[in-house]
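Everything in the sequence shown is counted per the UniProt record's numbering, starting at 1 for the first residue and increasing by one. Ideal Cβ positions, reconstructed from N, Cα and C, are used throughout, including at glycine. Structure first, commentary second.
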Amino acid sequence: MTMRAIQVKSWTEGPQELTSDKPPTPSPSQIQLRMQAAGLHQVVRSRASGKHYSASMLPHTVGIDGVGLDEATGTSYYIMGMAPDFGTFVDYVNVEKKAAVPVPEGVDPAALAASVNPGMSSWLALTTRCTDLPPNFTVLILGATTASGELAASLSRKLGANSVIGVARNVEAMKKIDSLDRWIELKPGVETDYSGLEKVDVVLDYVYGDATVHLLSSIPQGRPVQYVQIGSMSGQDAIALPSAVLRSKNLTVRGSGPGAWTIAELGQQMPKLIEALAGLTLKQPQKFPLDQFSKVWPDSELAKKGRVVFTM
1 MTMRAIQVKS WTEGPQELTS DKPPTPSPSQ IQLRMQAAGL HQVVRSRASG
51 KHYSASMLPH TVGIDGVGLD EATGTSYYIM GMAPDFGTFV DYVNVEKKAA
101 VPVPEGVDPA ALAASVNPGM SSWLALTTRC TDLPPNFTVL ILGATTASGE
151 LAASLSRKLG ANSVIGVARN VEAMKKIDSL DRWIELKPGV ETDYSGLEKV
201 DVVLDYVYGD ATVHLLSSIP QGRPVQYVQI GSMSGQDAIA LPSAVLRSKN
251 LTVRGSGPGA WTIAELGQQM PKLIEALAGL TLKQPQKFPL DQFSKVWPDS
301 ELAKKGRVVF TM
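What follows is the structure, given as structure tokens:
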């Protein structure tokens, strides 16, 4: 029996809609899922273009995560993986039972498929890369209007934050994010007004670059602040941080990503993240049936808007 699969046979040709063999009967340790939804995240685009370190073998099946249905029980599961033989832009997939996280009833598969990957960044940053956060802590999110930043605001509260400050260029967009208590307009260079940061405990940084240098330089002396580097939306992969900033501030600097946290920690936190997301009102993604992949893939406007999900 055959099924649909989005695969890359040549890095120069890119992903194509192909027909593949349906997976064999799963082993006793596995479960076979009929895929319901899978997200076209930025990392998925990078892997499918041959530009990501985690994807070097051909053929490459597109997709790193998604929601699939166990047709035998009617239970949906969230799955994720980056193994060479794994991909989620398919009709069916076999996965290890221990790697499949049950999805609570009533959760929209497409909305969840669009949210776990961006939500994971802040969740793992706060649960595995921060230590001894005080009760009712305050979080500052640099890059609050990104998909990850917006979810970070809500998930921070799930983890005990009492106050969440957003920093981004678009103030009007930040005002539409219910979980933000305060908005700071991100301006070029050192023009951003960072007064009033006396109560910040954690900084989640999705921007990096010059904005980070100015922010860290503006943190009040003596205030214990845990800074976690997550993304570099600015396009600046390196910064020139004066040594005096590190000597004069009570800063703890960490990064969050594969390697900073372990696969074991990811496995421990994933069910908790799914439960937390299930308790939120998740934004609807841009949904397309899988057979429209060839039209959606090259669309730069859709890519710019983000949160693209394919349904099967």
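Check whether the stretch 126-134 and the stretch 300-307 touch, using three or more Cβ-Cβ pairs below 8 Å as the test. Short answer: they don't touch.
Can you grab the Cα-Cα spacing for the pair Pro220 / Val95, in whole Å? 49 Å
Counting only the same chain and skipping the five closest in sequence on each side, list residues whose C-beta sits under 6 Å from that of Arg247. The beta carbon of Arg247 is closer than 6 Å to none in its chain, skipping five residues each way along the sequence.
Can you tell me whether Gly66 is buried or exposed, with buried defined as 16 or more other CB within 10 angstroms of its CB? buried
Do Gln7 and His52 count as a contact pair if the criterion is CB distance below 8 Å? no
As assigned by DSSP and simplified to three states, the class of Ser243: helix
In the DSSP assignment, the beta strand (DSSP E) including Trp183 goes from what residue to what residue? Where Trp183 is concerned, the enclosing beta strand (DSSP E) stretches over 182-185.
Nearest by alpha-carbon distance to Ala38: which of Gly68, Pro102, Ala100 is it? Gly68
Ignore the nearest five residues each way along the sequence and tell me which others in Trp297's own chain have a CB closer than 7 Å to its CB. Pro15
Spatial distance of Leu108 from Ala244 (CA atoms): The question names Leu, but residue 108 is Asp in the sequence shown. If you take the alpha carbons of Asp108 and Ala244, they lie about 49 Å apart.
Within this structure, are the beta carbons of Val225 and Leu251 separated by less than 8 Å? yes
With DSSP as the reference, please indicate the residues paired to Thr281 in a beta bridge. Beta-bridge pairing links Thr281 to no other residue.
With burial defined as no fewer than 16 other Cβ atoms inside 10 Å of the residue's Cβ, what is the status of Thr281: buried or exposed? exposed
Taking the C-alpha atoms as reference points, what is the distance between Ile79 and Ala110? 13 Å
According to DSSP, simplified to helix, strand and coil, what is Leu126? helix
Rounded C-alpha distance that separates Lys249 from Glu198: 12 Å
The beta strand (DSSP E) that contains Gly39, what's its start and end? 30-39
If we ignore side chains and look at the alpha-carbon of each, how far apart do Leu180 and Phe137 end up? Take the alpha-carbon of Leu180 and the one of Phe137: they are about 14 Å apart.
Out of Phe288, Pro118, Ser195, which one is the CA nearest neighbour of Ile230? Taking only the C-alpha atoms, the option nearest Ile230 is Pro118.
Top-ranked residue by Cα proximity to Gly306, from Ser148, Met120, Pro289: Ser148
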